[in-house]
Amino acid sequence: MTRRHSGIHVPPECREMIRAGALVAISTSGGKDSQAMTILLSRIVPRDQLVAVHAPLEDVEWPGTLEHIEATLPDGVPLILARVTSGKTLLDSIEERGRFPSPRVRWCTSSTKRGPIERELRRLLKAHPRFGGRIVSAIGMRAGESPARARKTPWKFSERNSRAGRTCFDWLPIHDLTEGQVFDVIRDAGQAPHPAYAMGMSRLSCVFCIMASRADLRTAARLRPQLYARYCALERRIGHTLSPSRVPLPDLTGVPARLCSDVGPQGCRRCAARN
Ligand code: SF4
Numbered sequence: 075m076t077r078r079h080s081g082i083h084v085p086p087e088c089r090e091m092i093r094a095g096a097l098v099a100i101s102t103s104g105g106k107d108s109q110a111m112t113i114l115l116s117r118i119v120p121r122d123q124l125v126a127v128h129a130p131l132e133d134v135e136w137p138g139t140l141e142h143i144e145a146t147l148p149d150g151v152p153l154i155l156a157r158v159t160s161g162k163t164l165l166d167s168i169e170e171r172g173r174f175p176s177p178r179v180r181w182c183t184s185s186t187k188r189g190p191i192e193r194e195l196r197r198l199l200k201a202h203p204r205f206g207g208r209i210v211s212a213i214g215m216r217a218g219e220s221p222a223r224a225r226k227t228p229w230k231f232s233e234r235n236s237r238a239g240r241t242c243f244d245w246l247p248i249h250d251l252t253e254g255q256v257f258d259v260i261r262d263a264g265q266a267p268h269p270a271y272a273m274g275m276s277r278l279s280c281v282f283c284i285m286a287s288r289a290d291l292r293t294a295a296r297l298r299p300q301l302y303a304r305y306c307a308l309e310r311r312i313g314h315t316l317s318p319s320r321v322p323l324p325d326l327t328g329v330p331a332r333l334c335s336d337v338g339p340q341g342c343r344r345c346a347a348r349n
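Numbering-wise (the working numbering), the sequence shown opens with residue 75 and increments by one.
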C-alpha cells in the first residue's frame, strides 16, 4: 500500500528504486511547484542521490530565476544546467518556424526543456555507474493546474527514456498538492517563492507563455515592457499570435506595445534595452 511520507505519496516501486540507489532528478523551473517539490524530496531522498536540473530559457524567462534556484536549493543538492545546444533562443525558433507553439503542439517544451534535460541526465547516469542505470525523473506537476494535468499518472515507467541498462520512471511527487499547500511548504521551510509571484504572476517559467491567463499576460506586459514589445513585434512580423485564441497581445492585455518604432528580434535597437 502507498504510504504518505513528508506530505507526498511515495509509491512502493519508487521507494524501492530509492532504496536501491537510483538517481532522483528534480526538473526545476524555479517556480513554486518545483521549489516545494525540491524541499519535500530533499527530506526523503539521500542527498547523494539527488540532482536538480534546470533548462534556462535565457531572455524569455523571469530575471533572477537561476539565482532563485541556487539560493533555495537544499545543501548538497547539485544543480545542472541543460541548455539548448543549437544556441537558438525560443524567440529565434518561433521566428524561424513563423508560428508560436500551441497547447496541442507544444514543441517549445520538448525543444527547450525536456530534450536538453533528458540529454544531461543520460550523460550523468553514464558518468556515475553507482546509480546502476536507475533514474527517477521528478516533475512538479499538480492535478489542480488543469484537467489535462489531473489525468496524468503520478508514477509511470518511461518507455521513451528506458533502454538496455537504463531504467527510468517518471514521478509527479506533488500531483495531489493544492496551490495553497505548495506555498505552505515553501513558507514552512523558511523560504520565499520567486518575487514574480508577489508582483502578481500566478505562474513562472516563460514570462509570456502560450498557456498563460489573460491576467498573467497583462501583469507580465506591465512588468517586462521591453520583452513585451519584442513579442508584439514578433506577432506582427510573422502574422501569428502567442495566444491560441488568435487575439494579438495588445488586444488581449489592453496594454499597448511600446511606441518605439525600432523593435527587432533582439529588442529595441534604439535604446538597446533588453529587460
Ligand atoms: S512556459 Fe509556456 S511558452 Fe514557455 S516553454 Fe513552457 S509551455 Fe512553452
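Even for Gly, the Cβ is constructed at its ideal location relative to N, Cα and C.
Assumed close pair residue i, residue j - CB separation to whole angstroms, cut-off 8 Å
{"i": "A110", "j": "V256", "result": "4 Å"}
{"i": "L147", "j": "T186", "result": "Rounded, the Cβ-Cβ distance is 21 Å, inconsistent with contact."}
{"i": "I213", "j": "D244", "result": "7 Å"}
Residue i to residue j span [Cα, whole Å]
{"i": "I168", "j": "P86", "result": "42 Å"}
{"i": "A347", "j": "L301", "result": "Its pLDDT being 44, under 50, A347 is placed unreliably by the model, and the measurement read from it follows with that caveat. Straight-line Cα distance between these residues: approximately 9 Å."}
{"i": "V179", "j": "R216", "result": "21 Å"}
{"i": "L326", "j": "D149", "result": "43 Å"}
{"i": "A303", "j": "P177", "result": "23 Å"}
{"i": "L155", "j": "H128", "result": "5 Å"}
{"i": "A263", "j": "R298", "result": "30 Å"}
{"i": "V98", "j": "H142", "result": "21 Å"}
{"i": "R188", "j": "R157", "result": "10 Å"}
{"i": "P269", "j": "A295", "result": "16 Å"}
{"i": "R310", "j": "R173", "result": "11 Å"}
{"i": "P120", "j": "P190", "result": "25 Å"}
{"i": "E192", "j": "V329", "result": "38 Å"}
{"i": "E71", "j": "G218", "result": "Since the first residue shown for the chain is 75 and the last is 349, residue 71 is missing from the structure and cannot be characterised."}
beta-carbon residue i near the ligand SF4 non-hydrogen atom, thresh 6 Å
{"i": "T183", "result": "yes"}
{"i": "C88", "result": "no"}
{"i": "I100", "result": "no"}
{"i": "C306", "result": "no"}
{"i": "I284", "result": "yes"}
{"i": "S279", "result": "yes"}
Spatial neighbours of residue i in its chain, beta-carbon cut-off 7 Å, leaving aside the 5 residues before and after
{"i": "C82", "result": "Before going on, a small fix: residue 82 reads as Ile here, not Cys. So the qualifying residues of the chain are L114, P247 and I248."}
{"i": "D290", "result": "M275, S276 and R277"}
First through last residue of the alpha helix (DSSP H) which encompasses residue i
{"i": "H314", "result": "Taken as a continuous stretch (DSSP letters only), H314 belongs to no alpha helix (DSSP H), as it is neither H nor E."}
{"i": "G202", "result": "Note that residue 202 is His in the sequence shown, not Gly. Where H202 is concerned, there is no enclosing alpha helix (DSSP H), given that its DSSP letter is neither H nor E."}
{"i": "H142", "result": "T139 to T146"}
{"i": "I113", "result": "K106 to I118"}
For residue i, the first and last residue of its enclosing beta strand (DSSP E)
{"i": "F257", "result": "Note, F257: premise wrong, no beta strand (DSSP E); alpha helix (DSSP H) at E253 to D262."}
{"i": "R178", "result": "Where R178 is concerned, there is no enclosing beta strand (DSSP E), given that its DSSP letter is neither H nor E."}
{"i": "I168", "result": "No beta strand (DSSP E) holds I168; the alpha helix (DSSP H) holding it covers L164 to R171."}
{"i": "R93", "result": "Counting along the chain, R93 falls outside any beta strand (DSSP E), though it belongs to the alpha helix (DSSP H) covering P86 to R93."}
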